[in-house]
Amino acid sequence: MERTFEQAMKQLEEIVRRLEQGDVPLEESIDLYKKGMELSAECSAKLQQAEKQLVQFIDAEEEAD
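Numbering (my numbering), first residue to last: 619 to 683.
If you want it as structure tokens, here you go:
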């Protein structure tokens, strides 16, 4: 099942919170950082896709006028 944008952002925010606490062991910090980067890329891709859909919708609306 694919994550929603909101689910990915929530996970990313949790990772950031844990890393900012500073009490996470080094190996776990590295794993969290990697996961955070993956989630960041996923969120970025979802935002780009949403923007693309909005542009297509706006273009279609303008053509209909």
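Note that the Cβ used here is the ideal one computed from N, Cα and C, for glycine as well.
Option in the options with minimal Cα separation from residue i
i	options	result
Ala684	Glu679, Asp677, Leu665, Asp683	The displayed coordinates of the chain run from 619 to 683. Any statement about residue 684 would go beyond what the structure contains.
For residue i, the three-state DSSP class (helix, strand or coil)
i	result
Glu631	helix
Glu681	helix
Asp649	helix
Gly654	helix
Val642	coil
Glu620	coil
Residue i burial status per 10 Å Cβ neighbour count (16 or more: buried)
i	result
Ile648	exposed
Ile676	exposed
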